[in-house]
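Just so you know, the protein sequences line up as chains V, Y, D and E, in that order. Note that the working numbering gives residue 159 to position 159 of the first sequence, counting from 1, and the numbers run on in steps of one. With the second sequence counted from 1, adding 1000 to any position gets you the working numbering. With the third sequence counted from 1, adding 2000 to any position gets you the working numbering. With the fourth sequence counted from 1, adding 3000 to any position gets you the working numbering. Beta carbons: idealized from backbone N, C-alpha and C, even for Gly. Structure first, then comments.
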Amino acid sequence: MGLRSYVITRVLLTIPTLLLLLTMVFLVMRVLPGDPVALHFEKRADPEQMEQMRRLLGMDKPLWAQYFDYISGLVDINYFSAHGYPNLGRSMQSFEEVGGQVFSAFPATLELAIYSMIIASAMGILLGVIASKSYNSFLDHLIRGFGTVTYAVPVFFLGIILQLIFGVYLHWLPTGLRINPSVTPPPTITGLYTVDSLLQGNFVTFFESLRALILPSLTLGFILSGIFIRLTRTNMLETLHLDFVTAAKARGLKESTVTYDYALRNAFLPILTMMGLQFAMLLGGAILTETTFSWPGLGRYIVQRINFRDYTAIQGAVVMFGLFVALVSLIVDILYAYFDPRIRL
Amino acid sequence: MEETKIKRSILARIVPGFASLVKKGPSGWMVIIGIIIVLAIVIMTGIGPWIAPYDPSASRVGGIRMPPNWQFPLGTNHLGQDVLSRILCGGSIMLQVSALSVLLCFAIGVPLGLFSSYVGGFVDSAFSLVIDAVYAFPGLVIAIAIAAMLGPGVVNMALSIAVVYIPSYFRIVRSQVLSIKELTYVEAARSVGAKWYTILSRYIFPNVIPSIVVVITINFADAILTAAGLTFIGLGVTYDIPDWGWDLTNGWKYLSSRAWWIITFPGLMIILLALGFTLIGEGLSELLNPKLQR
Amino acid sequence: MPLLEVDSLAVDYRTGRGIVHAVNDVSFFLEKGETLGLAGESGSGKSTLGLSIIRLVPYPGVIGKGQIRIDGRDIVALPEHEMQTIRGRKVAYVFQDPMISLNPVKKIGGHFVELIRTHEPNVSKKEAFERGKTVLQNLGIQPERINDYPHQFSGGMRQRIMIGLAIALNPDLVIADEPTTALDVIVQAKILDLLESLRKTYQMALILISHDLSIILERCDKIIVMYAGHMVEYADATELHDRPAHPYTQKLLQSIPNVELSDQKLTAIPGSPPDMLNPPNGCRFWPRCSYAMEICRVKEPSLIGIGPNHLVRCFLYSEEGVQSE
Amino acid sequence: MWNKVEVAIVVLVLIGIIVSSGTMIYAFNTMSNLSTLTDDVTTLTSNVANLTSTVRDLATITALMAQNMTQFSKALADLQARLASIEVSLAAKAKETIIVGTTDSVELTLDPAQAYDYFGWCIMQQISATLVSVAPNSTTGADFEPNLAQSWNVSSDLLTWDFTLRQNVTFPDGTVFNATHVKNSFDRAIYLIPSIPEGAPAGLEYDKIINRTDILDTYKVRFVLNFPFSAFLGILSCRASAIVDPTYAPWTQVNYTAGNARGSTPLAFVGPYYLSTWTRVGSSDIEIKLDANPHYWNAASGYPKTKHIIFRFYTDSSTLRLAIEAGDIDMAFRHISPTDALDLNVNPNVKVWWGTGAFVQYLCFQEKRAPFNDKRVRVAVAAALNRSSMCETVFLGLSDPLYSIIPPGMLGHTEAFKKLGDANYTYTKSLLAQLGYNETNKLTFELWYESSGHYPSSADQALLYKEALEASGVISVTLKSATWASYKLNRDNEIMDAYVYGWYPDYVDPDDYSFLYWASWLHTNYQNATQGALYDQARATTNLTRRSELYAQIDNMAVEQCSVVPLYVSSAWAVTKPTISGICLDITQDMRYWLIYISS
């Protein structure tokens, strides 16, 4: 079976998973204490108005009907093409389109996630390879120790410490926001400041947004790098001791060829899968990092909505996270198939 | 005979005396250090209230935001509370939450995994589909969402964390069982008409324990970090109980006024505790996975 | 000058629990086009010996002492990059398990191109590719399959490919480490015949490592029998077959089923090979030896000649042994 | 100097963790197997070899560098030149722009018919205009100055209010402002009340107060009220009374299905500024930019003084403080924490402006059930409070103990609650003793606080209250918390024994405070007809002495009843660069950005 058919089946397989995910989110959000609608009417709890609002939020219907609305709203293509975002219902606090808010907040999170993922994987894989090559030497143990510690550090604590050092004491880097306040942010094209500023050709904005990115993405990257180090190291050690590596050496191939083209390329596949899984964890960490660095992303949105008990908004944001993770894992699996010929059987 | 042999091997793997751990080399040492750290912190928290120099939640025992000095070795916080005393007593919440969540996960995840994978067939695939969906999801996001719904409190935090970690138990148990249940001695037991619960409890479960132990320790570490995270975004327990998570969160506000001691020490305690469990987990997983024992 | 000279070689594994002398005081030489057989139970150090010739003893093994001369040049102290030019070009190695000896994410062609161009940089990709094809043809594999991935071949096929890779640059020496153990019996013979023919056509020397003495007897000129890291007997094939001197060798021969003698009784060797971490004092074989004498327990026998290039490490043939009788 | 020490410590701590754990594991390895040492040596030697080779490469590279150096220097030179020119132009720009950092965010909308949050009103004040407004630096908040109305007079019965409007004021699109706009604005607000129950006009009960609005003439308008209302000018001066242009602020309900509940229409106003940019991400502000309105009626006298105001939004006060400290922003207003304010006060690079506060917090008791259905229990608890220590510890003295729901400086402010005293434990004990509470049988109840930062350091406050109450020895308090929305829900469900609440004035008048004692939406289940009557009397007279007497009486009753116990009144402060002038922090709590300018 060729790559194409594999991709197709994989995509088809994603659908039930997604459906499950959405259902779970829905249920979690619906089995809550307290009548959300009552919240809205602070001073004049007029039952007739509350009824009207229930109707408008579609909360007067039975649960199954609400569920149906929720799913059908999500897959409503016309709505999507009309608004540019899926129908995630309305905020209970402001009655704004949750879809719009979530989509406007998402790029910030995405940018953060991408950069930290780059840092984490680059650091992790590099250190992992070094550790495995100098197996059981001091360097190896040092790197492993580092990996273990990163796993035990609360992401926001690291963030705060970095703020303290580089922001408060050294004044090298900004301690918050996506861009220096004295600079006007670039026009929204992709929503990723670094990309937009480049598209706009404005290097001042580019560097400013990059500067602002350093600390948050480093924070997240560090925390994740540990897992990559461990994974790369173990896999490298396993592959490095596989026969085909020895065989390659026996054929007189160069050290570098053996390490990277043979060992790493084979060790890379599990690492790739891990990347996919880690993206989920990364997004979780992003919530805390965003709070630490005043980063106006989806995580901050959730936290803020929580204070308003804005269930629909939280639900929307969570769904957004879910969809994104599903997408990433899909891509990862396809890449996997692309890199590993055996899968395509 | 088979069975007894297994039993022995498990005993040899799970509760090895420190001596045998030492023999196991670096990974053994990691486990030992981990255990020591964790025990130390547990004991410290246990006797904290008696050895604390000041009432941890009494305000103005010293000046406000006093840097470390002889009277207050770790300084005082924004309410003039003694940081050292709060460190000594502040571990209880973390420990309670993580322990409770681990308990929940174990109580739900393991039986579910055993059952589903033993029964197999449609039930199994259905369960695994659901579990995988949860597993693939950003854990902290779920935890936060649920915690937000349930409101503050130790039990609620534990619950929200548990939901996130049940899948990892389920998965590990399942994978183990699937490999074990085809083994000859299980077949044999089945053939001589052993009841399914006998097989599960006497033949399969013992073999799953080692990997579960690893998951437990990792789960402990994660639970601690998650609890800290939840507290950080304001979903923690109420304020009058000393808690590292809270101190860390509060200290953050006074970062800008260079009061580094308010956050640093509770932060380090959390790291230490999590590190303890991580060390145990990593050590054990290496001991149980001889592929890395070169 | 002989192609390969191994001179009182010792290889140690420095493990966490102590030092293992996997190969101990082994010396032999090999002329161009000769075939040498290394026989012995698993763990007798024959693979280690093989690997040490291309200096790929796995971690934590190190060449303790002794020399390995290829064309008179000692390779033990050779810098790594020079070693790389020897491996594959001068000395090729065929591994035991073909299933895991090829890079699973690389096409067969890739393997050939890579190999050829590493050693002959001025060869173009295309040229190398073509050469790969011809090699495959000689091995009886249809050349167009050069674009397939390893996992698409059967075990026997893969072993052929491994051999192909080994002889692609027609080296002077091929070391085949249990080349057929992982394969089923019919294929075994085929592979060995292939090896034989190739060896003849390309005038290569061959070191055949196997636990199966019968294979070695029928395919090798010289034979080294190893036990617990020691070389216990060294002789020509016929000599060894007709006059096995060392008790261990005798036991090995008795354990080979022989089609002619219908009423032959097969005897297994009692006991099991020693724990290499703390081997017995004296002769390493005495615990399992039926002729064991007092001296065997205390003193380590040395190699003694008992005929034209026939060496044996046993007190039965030395004065001391006789005296102690 | 001593900062460096701290840096050192923090860095060391961090490095410490990593290195120590690394070495730890390493040490144990060497113990368990010594052979690794030999490995290290070998790797080391090989590394040295590599090093030498790299050094050689470096040498060659440096040689090449030297060759290119000349080109580099030239390029650098003109680059610097360009940068310099940019800086010059920027500097020129800077003088007419002020960047303000804040932790606030517009909650929802800038429509006067709906907006009811501090920052929404703050922005509206910059872009809109009302008939009258409170004079800057007013101490009582009761002295009004003409804005869109030039003059006014009120009938003796306080029921009809006539206003003569300012002429040739134009809306941004050129429409000329006249009486119809005024009538339209108020009629619209009242019309929209039922559909926007959370809106300000609803909260301020415009529909109950205003009977009708009449146009007497193009530039004359009359309000007829339902009952005599002395504080009506206060109402008119608040943002909910901003005059809007019907073409941009239609009567169509801000309806829940049409999508955009914000309904903000920046062009509808005639204030000193335009709203030129308003970006929101999620539902919080990212950037707000105000440009001077050239058609502003007071533009002749040089207002607004600064062309552009740009707002930047921070999530937490410490980040904001760091920003102003680093000079990223010109001004930080709202939610610089007391700690930071005091720190910055001694920092020569910034200037802290201190002002009077009108934000009050108070303790509510749930009187539906025991224990607080008994007046004596409430009084006992009130007497045990220790306001001053709380203010000292939590607000570092930047807020003042409050002994009347009406903040000091305002008409009718008293010290009534001083009667009960602070930490007056003897009194508390004796009172509770009557009810059978003592050291063994303590009075126990739940004290609730808001935990999502809606009120300043509410957790710390709660902790201090608990401490003070329990110091009496006869009270035991359990702290409970909820995030803002849940807190409100709990309040409406009346499940909280005692809870801390806060109040921001809509308009600066005792009339907007005194009713808190029995406000129905606080759900304390406390009613008192007499107090209500006194309150209405106070509304019905303009005689200030009479009014203050009445409010004093209300206070005195409140002390006996303790339905709601005032806790503290905050003070306000803003932090700016030293070059900024014209900050006015008076009792109205309004920041009037059109008065602010950069002095060279």
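For the candidate residues the options, whose alpha-carbon lies nearest to that of residue i?
i: Thr3103/E; options: Leu3363/E, His3454/E, Asp3555/E; result: His3454/E
i: Ala1133/Y; options: Val153/V, Leu18/V, Tyr260/V; result: Leu18/V
i: Leu2277/D; options: Met2157/D, Leu2173/D, Gly2229/D; result: Gly2229/D
i: Arg211/V; options: Ile229/V, Gln93/V, Pro174/V, Leu330/V; result: Pro174/V
i: Leu3275/E; options: Ile3310/E, Gly3282/E, Trp3297/E; result: Ile3310/E
i: Asp3330/E; options: Pro3578/E, Leu3431/E, Ala3049/E; result: Pro3578/E
i: Pro1242/Y; options: Val1042/Y, Tyr1169/Y, Pro1056/Y; result: Pro1056/Y
i: Asp243/V; options: Gly2037/D, Ser2042/D, Leu2049/D, Leu2056/D; result: Leu2056/D
i: Cys3562/E; options: Trp3297/E, Cys3238/E, Gly3141/E, Asp3374/E; result: Asp3374/E
i: Val2006/D; options: Arg2243/D, Tyr2013/D, Val2023/D; result: Val2023/D
i: Val2298/D; options: Leu2311/D, Ile2167/D, Pro2279/D; result: Pro2279/D
Any C-beta of chain V sitting closer than 8 Å to the C-beta of residue i?
i: Ser1128/Y; result: no
i: Val1134/Y; result: yes
i: Ala1145/Y; result: yes
i: Ile2100/D; result: yes
i: Asn2309/D; result: no
i: Ala3485/E; result: yes
Residue i and residue j look like a contact to me (Cβ under 8 Å); what is the Cβ gap, rounded to whole Å?
i: Leu2003/D; j: Lys2032/D; result: 5 Å
i: Leu298/V; j: Ala120/V; result: That pair is no contact at about 19 Å.
i: Ile179/V; j: Pro185/V; result: 5 Å
i: Arg3312/E; j: Ile3336/E; result: Rounded, the Cβ-Cβ distance is 14 Å, inconsistent with contact.
If you run the structure through DSSP and keep just helix, strand and coil, what is residue i?
i: Thr2015/D; result: strand
i: Leu335/V; result: helix
i: His2230/D; result: strand
i: Thr175/V; result: coil
i: Arg300/V; result: helix
i: Asp3537/E; result: Here residue 3537/E is Gln; the residue named in the question, Asp, does not match the sequence. Three-state DSSP puts Gln3537/E in a helix.
Of all the CB atoms in chain Y, is at least one closer than 8 Å to the CB of residue i?
i: Tyr336/V; result: no
i: Lys43/V; result: Bear in mind that the predicted position of Lys43/V carries a pLDDT of just 47, short of 50, making it unreliable; the figure below should be weighed with that in mind. No, Lys43/V lies away from the interface with chain Y (no Cβ there is under 8 Å from its Cβ).
i: Thr3339/E; result: yes
i: Tyr79/V; result: no
i: Asp3460/E; result: yes
i: Val258/V; result: no
Does any C-beta atom of chain E lie closer than 8 Å to the C-beta of residue i?
i: Arg1060/Y; result: yes
i: Asn202/V; result: no
Is residue i near the ligand MN, judged by its Cβ being under 7 Å from some heavy atom?
i: Thr3428/E; result: The ligand MN is not part of the structure shown, which contains no ligands of any sort.
Original post:
Three or more beta-carbon pairs under 8 Å between the region 2096-2104 of chain D and the region 2154-2165 of chain D, yes or no?
Top reply: Judged by Cβ distances under 8 Å, the region 2096-2104 of chain D makes contact with the region 2154-2165 of chain D, as three or more pairs qualify.
Original post:
Is the region 3508-3517 of chain E close to the region 3408-3421 of chain E, with three or more CB pairs under 8 Å?
Top reply: yes
Original post:
Between the region 1198-1217 of chain Y and the region 1249-1267 of chain Y, do three or more beta carbon pairs fall short of 8 Å?
Top reply: Result no; under three Cβ-Cβ pairs closer than 8 Å.
Original post:
Can you find at least 3 beta carbon pairs, one from the region 3240-3247 of chain E and one from the region 3184-3196 of chain E, that sit closer than 8 Å?
Top reply: Yes, they touch.
Original post:
Between the region 3384-3397 of chain E and the region 3525-3534 of chain E, are three or more C-beta pairs nearer than 8 Å?
Top reply: no
Original post:
Looking at chain C, which residues of the region 3280-3301 of chain E have a Cβ within less than 8 Å of any of its Cβ atoms?
Top reply: Any reference to chain C falls outside this structure, whose protein chains are V, Y, D and E.
Original post:
Can we say the region 3392-3408 of chain E touches the region 3426-3435 of chain E, given the rule of at least three CB pairs closer than 8 Å?
Top reply: no
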